[in-house]
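Student: Taken in order, the sequence shown gives residues 9 to 309; the numbers are from our numbering. Dumping the structure here so I can ask a few things about it.
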Amino acid sequence: MDITPNDIENNLQEYDNFMSLPPQYSGARASRFVVLPVPFEATTSYRSGAADGPKALLEASWQVELFDAELGKRAFEAGIHTSRKADRRVRRADAMYKTVRRETAAALDHGQIPVVLGGEHTVTVPAVHAALERYPELSVLQLDAHADLRDSFEGTPWSHACAMRRILALADRPPRIVQTGLRSMCTEEWNLSRRSRSVTSFLAKDNMSGKAPAHKILSALSRDVYVTIDLDAFDPSEMPGVGTPEPGGLTWAWVNDLLGLVAAKRNIVGFDIVELCPIEGQNISEFFAAKLTYRIMGLMV
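Right under this line is the structure:
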């Protein structure tokens, strides 16, 4: 006999996947969302631990209510499959890249929404690569404290600090990158963001003051959007468990309003949550990240 949604809500499950869902709601092909944990960490430049992020987020998701009271929805009924095909720790960016690009492409080709869980921000590049091949007019909405536009950092162009620069190099006509929540940029990034026609940048102080409201960000996006969220976009008072925290960040409420608007007015083809670094003895950061992941799904169904 099938398990009803009410049965799932009122009984703790023991399934090792996002939201601990039974096979009825987590099948590989019938699910609307495909969660892809990617514990890749090779270029940490401050506090390490991003490789522990996906596992911590998945386990925290078991405590997130399946009914979202603010949305009035049960997003899991659309189906959420957790793929383990990239869930292994590798140090080589090329190995990670090949797997994430392939698995993101597979989800998109089946009409599903890929949800990549990092891991450091480098994991975004192959996911966007796969999306861009299918949506040539793609734009990338980046929520981040840092611009990640350096051409190289600490001797490698594949640093987490170079993720958006690598996206700009994916095609002769790169996707438009719309950055919001920024608080930290080097001179190279500052200059590039102002001369490149492919980059639009908004500072967090302007987001929170109303100078750069959500509708202004929306207007910079094309129809098809890939959303990448580095959790340090949030203020560390709300999201302390990140590798490179910056004061003066975005709030849960503001980001929810922005993502709700984008989900309603644009076509989100995929998204990722990256740079979660769990703090020993706390669980607020991983729970925050898990609820954010499920909230975005709810906004999309």
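Idealized CB from N, CA, C, for every residue including glycine.
Applying the 10 Å Cβ sphere with the 16-neighbour rule, what's the burial state of Y234?
Tutor: Counting Cβ neighbours within 10 Å, Y234 comes out buried, since at least 16 surround it.
Student: If I follow the unbroken beta strand (DSSP E) through G126, where does it start and stop?
Tutor: Element bounds for G126: 121-126.
Student: Please report the distance separating the alpha-carbon of Y54 from that of F84.
Tutor: Using only the alpha carbons, I get a separation of about 36 Å.
Student: Can you find the residues in the same chain that come closer than 6 Å, C-beta to C-beta, to A38, ignoring five residues on each side of it along the sequence?
Tutor: Same-chain partners within the cutoff: G87.
Student: Using the Cβ count rule (16 or more neighbours within 10 Å means buried), how would you classify T51?
Tutor: Buried, since its Cβ has 16 or more Cβ neighbours within 10 Å.
Student: Indicate the three-state DSSP secondary structure (helix, strand or coil) for Y5 in the structure shown.
Tutor: With the chain covering only 9 through 309, there is no way to say anything about residue 5.
Student: What does the alpha-carbon distance come out to for the pair M9 and A59?
Tutor: Below a pLDDT of 50, predicted positions are generally treated as unreliable, and M9, at 44, falls in that range; the measurement from the model is reported next regardless. Roughly 39 Å separates the two Cα atoms.
Student: Are the beta-carbon atoms of L125 and V43 separated by less than 8 Å?
Tutor: Yes, these two residues count as a Cβ contact at 8 Å.
Student: Identify the continuous beta strand (DSSP E) that holds T208 and give its terminal residues.
Tutor: Its beta strand (DSSP E) spans residues 207-211.
Student: Only counting the same chain, and skipping five residues up and downstream in sequence, which positions put a Cβ closer than 7 Å to that of H137?
Tutor: These residues qualify, in order along the chain: R109, L178.
Student: Can you tell which of R96, R191, H129 has its C-alpha closest to the C-alpha of P165?
Tutor: Nearest of R96, R191, H129 to P165, Cα basis: H129.
Student: Give the secondary structure of K299 by DSSP, where H, G and I count as helix, E and B as strand, and everything else as coil.
Tutor: Correct three-state label for K299: helix.
Student: Indicate the three-state DSSP secondary structure (helix, strand or coil) for R37 in the structure shown.
Tutor: In the structure shown, R37 sits in coil (DSSP, three-state: anything other than H, G, I, E or B).
Student: Helix or strand or just coil, what does DSSP make of L200?
Tutor: Here L200 sits in helix by DSSP.
Student: Is P13 closer than 8 Å to Y23 when the C-beta atoms are compared?
Tutor: It is not a contact, given that the beta carbons lie outside the stated cut-off.
Student: What do you reckon, are the CB atoms on L149 and L229 nearer than 8 Å?
Tutor: A contact, by the Cβ cut-off of 8 Å.
Student: Taking one C-beta from the region 196-208 and one from the region 236-249 each time, how about it: are there three or more such pairs within less than 8 Å?
Tutor: Contact between the region 196-208 and the region 236-249 is absent, because fewer than three Cβ pairs lie under 8 Å.
Student: Below 8 Å, how does it come out for the region 250-270 and the region 100-118: are there three or more Cβ pairs, yes or no?
Tutor: Contact between the region 250-270 and the region 100-118 is absent, because fewer than three Cβ pairs lie under 8 Å.
Student: Measure the CB-CB distance between C170 and R184 and report whether it falls below 8 Å.
Tutor: No, these two residues do not count as a Cβ contact at 8 Å.
Student: Between L226 and A212, is the Cβ-Cβ spacing less than 8 Å?
Tutor: No. Outside cutoff.
Student: Which residue wins for smallest C-alpha separation from R142, given the options T195, D117, A272, F161?
Tutor: Out of T195, D117, A272, F161, D117 has the C-alpha closest to the C-alpha of R142.
Student: Relative to the alpha-carbon of N275, which residue among I304, R174, E283, V250 has its alpha-carbon at the smallest distance?
Tutor: Nearest of I304, R174, E283, V250 to N275, Cα basis: I304.
Student: Pop quiz: M216 and W262 are said to be a contact at Cβ under 8 Å. What is the actual Cβ separation, rounded to whole angstroms?
Tutor: That belief holds up - the Cβ atoms of M216 and W262 are roughly 7 Å apart, short of 8 Å.
Student: Could you tell me whether the region 89-97 touches the region 286-295, where touching means 3 or more Cβ pairs closer than 8 Å?
Tutor: No, they do not touch.
Student: Relative to the C-alpha of R173, which residue among P134, F48, P144, E145 is closest?
Tutor: It is P134 whose Cα lies nearest to the Cα of R173.
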